[in-house]
Amino acid sequence: MASYVVRRVAQALVVLLGVSVVVFALVHLVPGDPIRVSMGTRFNPDAYEALRARAGFDLPLPVQYGRYLANAAAGDLGVSFRSGDPVTTTLLGRLPATLSLAGSALLVALLIAVPLGIFSAIRSGSKLDYVATVFSQAGISLPDFWMAILLILLFSGVLGWLPPSGYVSPLADPIGWLSHLVLPAITVGVVSGSILTRFVRSSVLESLGEDYTRTARSKGLHERTVVTRHVLRNALVPIITVTGLQLAYLLGGVIIVEVIFAWPGLGQLALLAVQSRDYPVLQGTVLLVAVVFLLINLIVDLLYAAADPRIRYK
Amino acid sequence: MSAETATEAGAPVEEHAPRWRVLLSAVMANRLALFGLVVLGLLVMAAVLGERLAPYPPNAADVPERLRPPSLRHPFGTDELGRDVFSRVLVAARVSLQVGFIAVGISLAAGVLLGLIAGFYGRWIDDAIMRVTDMLFAFPAILLAIAILAVLGPGIANAMIAIGIVYTPIFARITRGSVLSVRERVFVTAARSLGASDLRLVTLHVLPNVLAPIIVQTSISLAFAILSEAALSFLGLGVQPPDPSWGRMLAEGRGFVQQAWWMGVFPGAAIFVTVLAFNLLGDALRDALDPRQRSAIESRGLTA
Amino acid sequence: MLARWLALFVVLLLGLAACGGGEPVDVDGDESADAGGDEVAGGTLIAAISGEPDQLDPHQTSAYASFQVLENVYDTLVQPTEELEFEPALATEWQVSDDQLTWTFTLREGVSFHDGSDFTADDVAFSYNRIIDEELANAYRFTSVTEVRAADDMTVEIEVDRPTPNLLANIGAFKGMSIVPEEFDDEMASSPVGTGPFQFESHSEGQSIELSANPEYWGDGPSLDGVTFRFISEGTVALTNLQGGEAHWTDNIPPQQIEQLSDDDSLVLESVPSTDYWYFAANQTREPFDKPEVRQALAWAIDREAVTSAAKFDAATVNQTAIPEGSAFYTDYAPYEHDPDRGRELLKEAGVEDLEVELMVTDEYPETVQAAQVLETQWGEVGISTNIRTLDFATWLDEQGEGNFDVFMLGWLGNIDPDDYYYAQHHSEGGFNFHGYANSEVDDLLDQAREETEDDARKELYDEAVQMIVDEASYVYLYNPDVVQAWVPEVEGYTVRSDRAIRFENVALNQ
């Protein structure tokens, strides 16, 4: 186990290093002078020189990369071309919104996927199973931005039950926070839920066909006991894996939904950075999302290995 | 990484019955897949005939005729500039298919090549290639595509490249996994001991035996690529005005949901039906060719 | 003095309570939710604006979103009334010397900045010299200025090298010419310190900016406790917020919804013609756009009504000159009609066949993209094929500056003095003449007009210049949009201004 952990962590570090190169390269691949371009009409020679010096653009590339890496490791991701604020502060400011959306969307997804997946596996081939399949297929084929618009139209336009967009800090106004959260969480949660349903179903199905299930049945255990004690417990590991991956995705991949709901999370920030050519902020966002993804992936893999000893000898 | 463990287990088919007949009968037997096939046929027709089928020139603005609800003259109504929504939805099919096929073509070519090399040569080459794919997997697809477009600049050609890059690693990984399980098989080792060259080994013995999962993944990736194009165009990074694209039309229709629901409903439905068709087709192919591979939904769960 | 300390103490306490969570929190955040709360006066007005300020340095920013906020934070020496005439603000009176070359401003006594420091002539001199010395965006408004100096604590003198009748417009037309404290530093670029009716509290990225009332304000107001500017990019969403009581005021109103909204009794919707104009211009440094016939062909080919209606529905008025009827410098001149045949003839005269035009627009202003698609269709009818190039605004401005375009479309906002727009855009030396228009007669007229101190004579000079500008299609002016804003009936005392300045100093929330 220990050697697997070491190998897996080392692997993640190598990938992380690669990610940092890609992220660093991002701003240098841009045709032209990114600082000049980002300033547009706000160009003024002093501010330009200051930004250039601060970004260290006159140094050789490897030195710049070394500096970027060292600074990033110390939590300094540079300053925004657009606002002049430190990128780290900007990113931290976006975390509450992103975390609330990711967390609640995952909750919605699990609330749909766990019951639907389990029952459609147990009653495989039944009407319910068919419904679950259709739901899953429709869910992943539906453009989430379209669903967002329909939900806004229905729940805040026609019915007037919920605010159409915006974000309120949970510390200032918990109820307002919740009411703003419902629509985006449903939008994202339904798509995630349709993916998870399929995973829950196949994991449970697989588990149902395993030896231990047959053994348990043959011992004459009650079906409910078989399912809860043996089937679900064993199906849990792959479900946790995919749930972890979904969480990683939700933390940085719900750009359009954040834009439509004016949700001030990381996805919206990334798009804003692209539109205003704020490369340091784009770099920071992409780096943070990738790091979180790698971290979640690492944790999930280690958990997986702890739960299923076979993995280690792969 | 966990995604590997499963794909590596995917065994290639070995039976040598005429594969296309097995495939066709499997697809025909599956009503959902048949639906997918019919939709695909209609799309290709729309894409090829496009303007000739369309009752109006898709970009012709006619402001006094704006925002007309669906009628016999305009089956899907008109948009805010008086353009015929039906004609635009029809012509946009070409854009979607074009972006889908070219982008997936890029991923397919690059991914399969990388996967073959990694799987066949193993060792440090394998390690290097797989670490690069891990790296690309570390970014959510849409974020990666947006970042690439930030460098390349918006536009349809760049969107194809961006989507192509984003979906390359999944092909590399699937190909590699299959190659690994085929590499030490009797027919490969036998051919190798007879002195076959690497190129010959790969093209004649390895590739045919890893095709099944690749075909399935192609269909699934087409669905994602079309969805990605719609998303990028929705954000204004893909197809540029005045050319129609479903994603762009949806974005334009967003401001008119209350006055002109038809502006968004029809392009939205077109995306939905097309993506659904490719997903259903992908799953049917998987059932027929490679039952142990992931379904469309599952692979989205792992790569989205 | 004691009262002041007490007040400071209370503010500190509130601040501590508010910041307890480690992030900026809106103290009055729940007021929107329960409109009709116990407070009788005051309250925090929530304004939904479409963009987020890029920065809050009034001398650096060019973003309208920034000015929406800064309008309420900073002051200028003089300011435009609703009728766009200049009235005292931080200066109470001013004189021009007989030779027209020295302007003397007497400053208002007892004004202090939000940080408590006193407002003096040094601050004015610092602000203006900063714009001039650092060559900031608005330095062109000071081209005739040779010196700005503090004669004493409360007197500022501005020396000019030629008569500058529009000096008041140059220093007061908008908050880009704000007076910032002499101690201005980088910090103040993101948390501004002004003399205006509201003071800056906090900025939550991607969400909102909070202002609170400035109790020491020199004017009448404010009666509100504060203003929160929320960034909501989607017009439909901003409206739903307004209808749902989540916001009190917005200017983010999709033009297609205006008609429907005017029947909505739960909202007040007002619309005022603005002095903004939208236009397209062909690059005269490129063939064949150097030929007036080609530019005129572009103008004759278009149906302004259709272009205008595509861009703004009913919320705009077509115009063939810059500013609308009713403005002091309006020129009544409209030679063009929608006449595709005439367009084709002119192209023939110019010897141009199969003309291909690249039309540069920006998604920052979606109306340019909308209008472009109609222009494409209409130019197509005279045999011109159009390639629409949609860019983000930064790139757009860059390309405009480099002269990399055939034709571009854009607007010019908040126009008060004609020197500002006719000279800048059509004089061969003008700072915004990116399309390379050069006509020595027009140059002469514009040179004379900017120094002419007699209003009527000045107007005549501009009338003459404008006719040439229009005839030669230097710009093809299209329309003047309306300023459309909406608010809930609880908002009292708000007026829509034709210069798009958004002022909440005299507004009350009647809850």
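Protein chains in written order, with the numbering used here: chain A, 17 to 330; chain B, 836 to 1139; chain C, 12 to 522.
Where is the CB? At the ideal position from N, CA and C, for every residue including glycine.
No experiment lies behind these values; they were computed from the predicted model shown.
If you draw a straight line from the C-alpha of residue i to the C-alpha of residue j, how long is it?
i: S244(C); j: I191(A); result: 23 Å
i: E364(C); j: G391(C); result: 13 Å
i: P35(C); j: S215(C); result: With a pLDDT of 36 at P35(C), under the threshold of 50, the modelled position of this residue cannot be trusted; read the value that follows with caution. Those two C-alpha atoms are separated by around 7 Å.
i: E212(C); j: F124(C); result: 14 Å
i: G33(C); j: L1070(B); result: With a pLDDT of 35 at G33(C), under the threshold of 50, the modelled position of this residue cannot be trusted; read the value that follows with caution. Cα to Cα, the separation comes out at about 33 Å.
i: L1039(B); j: S1032(B); result: 10 Å
i: L197(A); j: G236(A); result: 47 Å
i: V329(C); j: P975(B); result: 47 Å
i: A868(B); j: F955(B); result: 34 Å
i: V80(C); j: F240(C); result: 7 Å
i: Q210(C); j: T115(C); result: 29 Å
i: D110(C); j: L456(C); result: 22 Å
i: L282(A); j: P159(A); result: 20 Å
i: T244(A); j: L187(A); result: 39 Å
i: E82(C); j: P203(C); result: 12 Å
i: P1077(B); j: R866(B); result: 38 Å
Looking only at its chain, what residues have a beta carbon closer than 6 Å to the beta carbon of residue i, apart from the 5 residues adjacent to it on each side?
i: A1169(B); result: Past the edges of chain B, shown from 836 to 1139, lies residue 1169(B), and the structure says nothing about it.
i: F443(C); result: A435 and Q436
i: Y139(C); result: V159
i: E462(C); result: R173 and P174
i: P1079(B); result: P893, R923, V926 and A927
i: P176(C); result: T464
i: R400(C); result: E369 and M371
i: A306(A); result: V35
So is residue i in contact with chain E if we call contact Cβ pairs under 8 Å?
i: Q291(A); result: The structure shown contains no chain E; its protein chains are A, B and C.
How would you call residue i, buried or exposed, if buried means at least 16 neighbouring beta carbons within 10 angstroms?
i: P131(A); result: exposed
i: N362(C); result: In the sequence under discussion, the amino acid at residue 362(C) is Gly, which differs from the Asn named in the question. Looking at its Cβ environment, which holds fewer than 16 other Cβ atoms inside 10 Å, G362(C) is exposed.
i: I157(C); result: A quick correction: the sequence has Thr, not Ile, at residue 157(C). Answer is exposed; the Cβ neighbour count stays below 16.
i: P890(B); result: exposed
i: G876(B); result: exposed
i: P78(A); result: exposed
i: G47(C); result: At G47(C), the pLDDT of 38 sits below 50, so the modelled position is not reliable and the matter cannot be decided from this model.
i: W959(B); result: exposed
i: A88(A); result: buried
i: F972(B); result: buried
i: L75(A); result: exposed
i: G40(C); result: Here the model assigns G40(C) a pLDDT of 37, short of 50, so the residue's position is not dependable and the matter cannot be decided.
i: K143(A); result: exposed
i: S277(C); result: exposed
i: F40(A); result: buried
In chain order, what residues of the same chain lie with their CB nearer than 7 Å to the CB of residue i, ignoring the 5 residues before and after it?
i: G1103(B); result: L1085
i: N993(B); result: L984 and L987
i: S396(C); result: E367
i: T1109(B); result: V874, L878, S931 and I1061
i: D474(C); result: T342
i: V1100(B); result: none
i: G354(C); result: A308, W311, A312 and V393
Check the DSSP bridge columns for residue i and list the partner residues they point to.
i: W105(C); result: F116(C)
i: I399(C); result: L370(C)
i: Q267(C); result: Partner(s): none; Q267(C) has no beta bridge.
i: N1114(B); result: For N1114(B), which the question treats as bridged, DSSP gives no partner whatsoever.
I'd like the list of long-range same chain contacts for residue i, defined as Cβ closer than 8 Å, with 5 residues on each side in sequence excluded.
i: Q71(C); result: L147, A148 and A200
i: V308(A); result: A264, L267 and G268
i: V96(C); result: In the sequence under discussion, the amino acid at residue 96(C) is Glu, which differs from the Val named in the question. Hits under 8 Å: none found.
Chain-ordered residues of the stretch 247-262 of chain C with a beta carbon less than 7 Å from chain A: V248, T251, N252, G255 and E257
The stretch 942-965 of chain B: positions lying closer than 7 Å to chain A by Cβ: none
Selection of the stretch 1083-1106 of chain B by Cβ proximity to chain A, strictly under 7 Å: L1085, R1089, V1092, Q1093, G1099, G1103 and I1106
Chain B contacts from the stretch 138-149 of chain A (Cβ-Cβ distance under 8 Å): none
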